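Just so we're on the same page, this note's numbering is the position in the sequence shown counted from 1, plus 474.
Don't be surprised by glycine CBs; every beta carbon is placed ideally from N, CA and C.
Given the structure is predicted, the values throughout are model-derived calculations rather than measurements.
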Amino acid sequence: MKLITKVIPEPTEVYKPSNPFKAKVIENKRLTPVESEEDIRHIVFDLSGSGISYLEGQSLGIQVPGVDEHGKKNRIRLYSIASSRKGDDGLSSTVSLCVKRVMYKDDQGVLQKGLTSNYVCDLMPSDAVYITGPAGRKLLLPADNSVHLIMLAVGTGIAPFRAFIQHIYREKGSWGGKVRLFFGAKTGLESIYMNQENNDIGQYYTQETFLAFQALSREEKTKDGNKFYVQNRLEENEKEIWEIIKEGHFCFYICGLKGLESGAEEVLDKWAKKDGLNWNTMKAEFVEQGRWNIEVY
Ligand SMILES: Cc1cc2nc3c(=O)[nH]c(=O)nc-3n(C[C@H](O)[C@H](O)[C@H](O)COP(=O)(O)OP(=O)(O)OC[C@H]3O[C@@H](n4cnc5c(N)ncnc54)[C@H](O)[C@@H]3O)c2cc1C
């Protein structure tokens, strides 16, 4: 059995909830146009003096100052790091997050604001924020760059993959294996890092090893007239992706909404059955080998 060796995080300062780092906001930009019903932000923080070094695929925690209704400190919320280890400016002193403003209806049907996401989305340059981490090892890149990377994301789930792509093509310059990104949003307006507000990922479309596939659930329908999701786009690419998986030299990553994992597995199960294989057995091996990497929330 061939195990995947991941890039190992360097020893770094890790900030605990009891001793968070006070970071300054450098920039807060909306990634969705104002006419979009979703407000998703790209926020850059200054980490100077923190001693933090992070890797693509890790997360940071943010704690809103103050206490909850029980008098306890507000809960820390995790956010995937959206920039490469060197940060957007390449100077290794910043980190970027991609945060969606969460709104929900309470038990009385009254519209409420998600505490942390609204706090972060409303931050202004030079505001101070308490940060914990870096944390998380599930979504690290493989050390061997001939490993094929298959990435599936919905919404802000794109954050770690933006970091991967920035690191691979801007810092390393290339990747030996195939890099395949399947990304879903409701409409093109919400297709973050690939829309008119910010097209960071689009600038890598010409890279030889990179292909990106979008699925816009409100703009396209399946043959049966249903909404078109990431898993439907994955299904269209059966020949290439199933070959890669059967060959066994890959890392599969899923990030974003929980439903994406089951949607992708339905497709893989279908492909396996056609070949007389058992997806659950295959997946168990892939999990053990470190090839199946999931971070859904
Ligand atoms: C590993 C990881 C990575 C993540 N990465 C990202 C990322 O990159 N970007 C991103 O935007 N998010 C990310 N998240 C999600 C993020 O951590 C938060 O969960 C999200 O921002 C909502 O937090 P909040 O404090 O704004 O909302 P909260 O105030 O905690 O509310 C969250 C939800 O709880 C429910 N709720 C809370 N109070 C009530 C109530 N009184 N009545 C009914 N329902 C209620 C609602 O459904 C609401 O939507 C990640 C999560 C994890 C675990």
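C-beta contact flag for residue i and residue j at 8 Å
i: Gln-640; j: Met-668; result: no
i: Val-538; j: Thr-590; result: yes
i: Met-598; j: Lys-587; result: no
i: Thr-568; j: Phe-635; result: no
i: Lys-757; j: Pro-616; result: no
i: Lys-612; j: Ile-768; result: yes
i: Ala-772; j: Lys-496; result: Coverage of the chain is limited to positions 475 through 771, which leaves residue 772 absent and any answer about it impossible.
i: Leu-552; j: Ile-517; result: no
i: Glu-827; j: Thr-661; result: No statement about residue 827 is possible, as the shown extent of the chain runs from 475 to 771 and does not include it.
i: Phe-760; j: Ile-624; result: no
Separation of residue j from residue i, as counted between CA atoms
i: Leu-585; j: Gly-647; result: 46 Å
i: Val-770; j: Asp-563; result: 28 Å
i: Ser-533; j: Lys-695; result: 34 Å
i: Leu-685; j: Glu-530; result: 19 Å
i: Trp-745; j: Ile-478; result: 23 Å
i: Gly-750; j: Tyr-593; result: 51 Å
i: Lys-701; j: Ser-691; result: 5 Å
Reduced DSSP secondary structure (H/G/I, E/B, other) of residue i
i: Asn-706; result: helix
i: Asp-520; result: strand
i: Gly-676; result: helix
i: Thr-683; result: coil
i: His-641; result: helix
i: Tyr-593; result: helix
Any non-hydrogen atom of ligand 1 within 7 Å of residue i CB
i: Gln-640; result: no
i: Ala-637; result: no
i: Val-573; result: yes
i: Asn-592; result: yes
i: Leu-521; result: no
i: Ala-686; result: no
Contact with chain D by residue i, beta-carbon distance below 8 Å
i: Lys-646; result: As a matter of chain content, chain D is missing from the structure shown, which is built from one protein chain.
Where residue i falls, given that 16 or more other Cβ within 10 Å makes a residue buried
i: Asn-706; result: buried
i: Glu-664; result: buried
i: Glu-512; result: buried
i: Thr-606; result: buried
i: Ile-536; result: buried
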